[in-house]
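Going by full-length UniProt numbering, the sequence shown opens with residue 1, and the numbers climb by one from there. In this text, a Cβ means the ideal position worked out from N, Cα and C, and glycines have one as well.
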Amino acid sequence: MGVADLSGQAVTLLSCLLSLYVFRIITTFAKLMQFLGPSGTGISNWPHSMAMLRGNCHEWYAEVNKKYGPIARVAPQVLITSSPEVWMHVNNKPGYKRSDWYYKAARIEYRRDNVFSQTDNAKHEQRRKQMAPGYSGRENIQLERSIDERLQDFLYLIRSKYISSDRRVMPMDLAKKVQYFTLDVISSVGLGKAFGMLQSDHDVDDYLKSSEEGLAIGNTALAIGCSWITQMPFIGRFIAPSPKDSNGFGKMMAACFRLVEERAAGSTNEKSDMLASFMRHGLAGDELRTEALEQIIAGSDTTAGAIRGTLLCLITNPRVYLKLQHEIDDATRRGLAPRKGEGLITAAQARNLPYLQAVIREALRVCPPVTNIFPRDIPPDGDALIVDGESVFLPGGTCIGYSACAMHQSEKIYSKDAEAFRPERWLESDPAKLAVMVRTNELIFGHGRFQCLGKAVAQIEIGKTVFELLRNFDLALISPTRPWDARNYLGLFAISNMWKPYQCHEKQEDSHGQDDTKICQMYQSSHGSLVFQGPTIA
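Right under this line is the structure:
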């Protein structure tokens with residue numbers, strides 16, 4: 001066989017492969033051709049990938065739905081919806097399941113699923129049944145008390161180190177301190193022992209650093225389409241994070257596993273917390289360690305994001321801040337909440353403060369703490385549904401996800417000022433409209449069989465923390481023009497530099513003889529962010 005023959009065969013083979021590739025692109029495009037989307041999304045994943053790499057895919061999803069409708073295309077086989085009715089339908093109807101392409105990339109450990117990453121519906125349901133009692137408080141009777149203890153630690157940390165005065169500003173990085181608080185809470189209620197971040201005022205064992213590194217790496221791997229490598233037989237074992245690692249995400253895993261093993265060696269009757277409940281319901285060994293690790297990451301990042309977002313909305317809206325401050329002071333005077341020195345507000349008391357609850361709902365709406373796409377595979381035979389009065393068919397072999405920002409800032413649901421932070425909308429709407437708003441707002445915590453297990457714990461933390469911070473301190477921004485730096489990693493926000501360090505305009509000497517110019521230089525080299533200016537009430 002001559003060289004010419006070999007060349008001819010090679011050309012024929014390449015032509016066939018190219019034809020198959022083009023045919024695949026055309027058939028994939030045709031399957032979702034009824035749905036509009038940004039240029040290139042019908043034939044390539046790269047527009048979607050670039051949004052993920054920029055760390056603002058949640059904003060991109062919102063723009064896509066706003067421009068192309070309540071169901072739009074963001075990749076060859078991926079749809080995104082801003083319709084609460086569609087999303088509730090997807091999460092309720094049998095046949096839909098979590099999409100492997102996303103949730104396998106969200107695995108923390110090599111080839112091992114947790115309750116979040118599990119895509120098999122039956123296995124997911126079984127795991128939820130084992131874990132739900134621990135999260136609900138039925139088997140964790142010390143839940144609120146544990147949260148109170150950590151909140152007291154948080155208030156003491158601020159009062160002892162970060163109180164400002166007319167003569168000296170003591171900035172505090174709220175992004176870090178709030179996550180110290182939520183990590184101490186979830187380790188306390190989940191593992192029976194707080195990590196001790198608030199008491200040490202330090203990122204113990206580099207938990208925060210490791211978590212952010214892991215999320216950033218996972219986000220990048222998913223965006224460029226190579227996350228599957230970490231789950232490959234044999235090879236993945238050496239790539240995925242491991243508790244044997246001396247740094248990074250693996251170090252965090254090792255520290256968490258040590259606590260789990262200490263508890264697993266004892267009796268489940270010694271303590272009443274989440275871990276004991278999990279063990280009583282059959283979790284052990286690798287499964288127990290995996291779920292404990294997942295609850296630390298998910299339970300701290302999401303709640304921290306909610307508290308940060310709520311405080312940011314308050315501080316940047318003086319009218320709302322003062323109105324909530326008045327409700328808090330009035331509740332204390334009228335005995336609807338304990339006076340200072342008599343204990344913290346209870347979860348039940350916080351739920352009975354209408355403006356506080358309106359503020360929290362509005363902040364979660366304007367700044368959703370989790371903007372995960374949460375993609376679901378459409379049943380193989382497809383699914384027909386009604387969207388805005390029109391019949392729509394979702395083809396099998398594709399998936400549909402959720403656009404948090406588009407849904408929760410919908411003018412159709414929340415009126416024309418939907419992008420504005422205005423808690424009064426929750427108090428003045430007619431019953432029918434309010435019911436739609438509340439039903440949509442609840443989707444922030446998921447829906448149906450996929451609802452967040454930690455919802456009740458998060459709600460207790462948010463209500464108590466916002467109330468006690470405003471009752472005890474006046475809060476002010478260091479840099480109103482740039483309050484924080486935030487990036488979206490797999491739907492979770494990595495928030496830092498909250499806010500810009502304080503700038504001093506004149507050189508003065510404080511009561512200890514220290515030059516204020518030097519103090520300002522210290523501010524600029526730190527991640528100082530928030531100013532606490534002493535108690536607001538007696």
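Residues in its own chain within less than 6 Å of residue i by CB, not counting five upstream and five downstream?
i, result
"L324", "Y355 and V359"
"G463", "A350"
"H512", "With a pLDDT of 38 at H512, under the threshold of 50, the modelled position of this residue cannot be trusted; read the value that follows with caution. Nothing meets the Cβ criterion."
"residue 550", "Any question about residue 550 goes unanswered here, given that the chain covers just 1 to 538."
"F154", "F181 and L198"
"H505", "Per-residue confidence for H505 stands at a pLDDT of 27, beneath the threshold of 50, marking its modelled position as unreliable; no derived number is given."
State the CB to CB distance for the pair residue i and residue j, rounded to an integer number of angstroms; the pair is presumed to be in contact (CB under 8 Å).
i, j, result
"V320", "L312", "Between L312 and V320 the Cβ distance is about 12 Å, and since that is not below 8 Å, they are no contact."
"S403", "N65", "5 Å"
"S187", "I296", "6 Å"
"G282", "Q130", "6 Å"
"T310", "V438", "So it is not a contact: roughly 17 Å between Cβ atoms."
"V189", "L143", "6 Å"
Shorter than 7 Å, the distance from the beta carbon of residue i to the closest heavy atom of the ligand MG, or not?
i, result
"W228", "As far as ligands go, the structure on display features none, and thus does not contain the ligand MG."
I need the straight-line Cα distance from residue i to residue j, nearest angstrom please.
i, j, result
"C399", "R333", "53 Å"
"A10", "C16", "10 Å"
"S39", "D417", "29 Å"
"S82", "H408", "8 Å"
"R128", "A298", "15 Å"
"G396", "K104", "20 Å"
"E63", "V366", "15 Å"
"D120", "L293", "20 Å"
"T182", "D301", "8 Å"
"V436", "P84", "9 Å"
"Y68", "S429", "29 Å"
"A306", "Y156", "21 Å"
"W426", "T371", "22 Å"
"V387", "T27", "25 Å"
"P423", "V457", "22 Å"
"residue 539", "S210", "Only positions 1 to 538 of the chain appear in the structure, and residue 539 is not among them; the question remains open."
"V178", "C256", "20 Å"
"R150", "R112", "31 Å"
"I141", "A384", "45 Å"
"M73", "Q34", "One detail in the question is off: residue 73 reads as Arg in this sequence, not Met. If you take the alpha carbons of R73 and Q34, they lie about 9 Å apart."
"S227", "G218", "7 Å"
"E390", "P338", "53 Å"
"Q77", "I373", "14 Å"
"Q231", "G250", "16 Å"
"P133", "C452", "13 Å"
"P379", "A348", "42 Å"
"P431", "E468", "31 Å"
"W46", "L394", "23 Å"
Relative to the C-alpha of residue i, which candidate in the options has its C-alpha closest?
i, options, result
"residue 542", "L364, I217 and R237", "Any answer about residue 542 is impossible in this case: the structure gives the chain only from 1 up to 538."
"G341", "N472, A132, I296 and A418", "N472"
"N441", "A384, R449 and P369", "P369"
"G343", "F195, V189, R145 and G446", "R145"
"V392", "K455, S227 and L79", "L79"
"T303", "G37, A216, C256 and D184", "D184"
"A476", "A458, G448, E212 and D166", "D166"
"Q357", "P380, I328, G335 and N219", "I328"
"R98", "R439, P480 and P375", "P375"
"F421", "F450, R361 and G401", "R361"
"L36", "A75, N45 and M52", "A75"
"W101", "H89, G401 and L322", "G401"
"A240", "Y110, L13, D381 and P94", "Y110"
"I138", "D273, I345 and K93", "The identity of residue 138 in the sequence shown is Arg, whereas the question assumes Ile. Comparing Cα-Cα distances from R138 to each of D273, I345 and K93, the minimum goes to D273."
"H202", "D330, S160, R54 and K176", "K176"
Comparing the C-beta of residue i with each C-beta of chain B, is any distance below 8 Å?
i, result
"V178", "The structure shown contains no chain B; it is built from a single protein chain."
Output needed for residue i: all residues of its chain with C-beta closer than 7 Å, excluding positions within five of it in sequence on either side, in chain order.
i, result
"E59", "C405"
"R263", "L191, G192 and L275"
"F238", "none"
"I413", "V436, M437 and T440"
"L288", "V260, A264, F278 and M279"
By DSSP's criteria, residue i is part of a beta bridge. Which residues make up the other side?
i, result
"F195", "Per DSSP, none; premise fails for F195."
"F257", "Answer is none; F257 lacks a bridge partner."
"K97", "D377"
"M274", "According to DSSP, which records beta bridges pairwise, M274 is partnered with nothing at all."
"Y402", "T81"
"A75", "V78"
"R112", "E109"
"S242", "Looking at the DSSP assignment, S242 forms no beta bridge with any residue, so it has no partner."
"L18", "DSSP output for L18 lists no bridge partner at all."
"D383", "L394"
Between residue i and the rest of its own chain, which residues show a CB-CB distance below 8 Å, the 5 nearest in sequence each way excluded?
i, result
"S49", "A223, I224 and G225"
"N352", "L336"
"E125", "R449"
"E419", "V366 and Q409"
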